[in-house]
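Here's the structure we're looking at; comments come further down.
Residue numbers (my numbering): 1083 to 1225.
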């Protein structure tokens, strides 16, 4: 079960960073291959669901992400289940003297045949995480 994680420090306060990153309706601003809409009622909380349209390895997918943990402004986790894998995206935030430290982590659990061939997706996940964290840093402003 591979975990891909990146940490950056951004300017600005922890609440603003949390509200931006944990609200997947902002996904298109830092993951240019994805869009998402909230399909449950506001406010966002545990149990809220986002419908995301995304592309992975040149394959378009529609994935429902459910908020499984909502600990504003320090932590949020969202889970997506497909027939080939389960994803848990977790956002950790902490305030520091330069701004806000943000760690974005994706836990990938492959299913079926993907338990074997999924291991070859490692470089794709790594590149995706590198791109997304750079985009987040650009949008939120480097510290």
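Each residue gets a CB set at the ideal place from its N, CA and C atoms; glycine is no exception.
I'd like to confirm the pairing. Which residues does DSSP put opposite residue i in its beta bridges?
i: residue 1084; result: For residue 1084, which the question treats as bridged, DSSP gives no partner whatsoever.
i: residue 1102; result: Looking at the DSSP assignment, residue 1102 forms no beta bridge with any residue, so it has no partner.
i: residue 1041; result: Residue numbering for the chain in the displayed model covers 1083 to 1225; residue 1041 lies beyond these limits and cannot be assessed.
i: residue 1094; result: Answer is none; residue 1094 lacks a bridge partner.
i: residue 1191; result: 1168
i: residue 1114; result: DSSP lists no partner for residue 1114.
Using 8 Å as the threshold, is the C-beta distance between residue i and residue j below it?
i: residue 1211; j: residue 1107; result: no
i: residue 1165; j: residue 1147; result: no
i: residue 1134; j: residue 1116; result: yes
i: residue 1173; j: residue 1103; result: yes
i: residue 1182; j: residue 1094; result: yes
i: residue 1084; j: residue 1204; result: yes
i: residue 1188; j: residue 1167; result: no
i: residue 1119; j: residue 1138; result: no
In terms of residues, what are the limits of the alpha helix (DSSP H) holding residue i?
i: residue 1219; result: 1204 to 1222
i: residue 1198; result: 1196 to 1199
Where does residue i sit, in a helix, a strand or coil, going by DSSP?
i: residue 1129; result: coil
i: residue 1109; result: helix
i: residue 1124; result: coil
i: residue 1179; result: coil
i: residue 1225; result: coil
In chain order, what residues of the same chain lie with their CB nearer than 7 Å to the CB of residue i, ignoring the 5 residues before and after it?
i: residue 1090; result: 1184, 1215, 1218, 1219
i: residue 1110; result: 1116, 1117
Using a Cβ-Cβ cutoff of less than 6 Å, which residues in the same chain neighbour residue i once the five nearest sequence positions on both sides are dropped?
i: residue 1149; result: 1128, 1130, 1160
i: residue 1122; result: 1130, 1131
So the beta strand (DSSP E) residue i belongs to, where does it begin and stop?
i: residue 1141; result: 1141 to 1153
Excluding the 5 residues flanking residue i on each side, which residues of the same chain have their C-beta closer than 8 Å to its C-beta?
i: residue 1096; result: 1155, 1156, 1175, 1176, 1177, 1182
i: residue 1151; result: 1128, 1157, 1158, 1159, 1172
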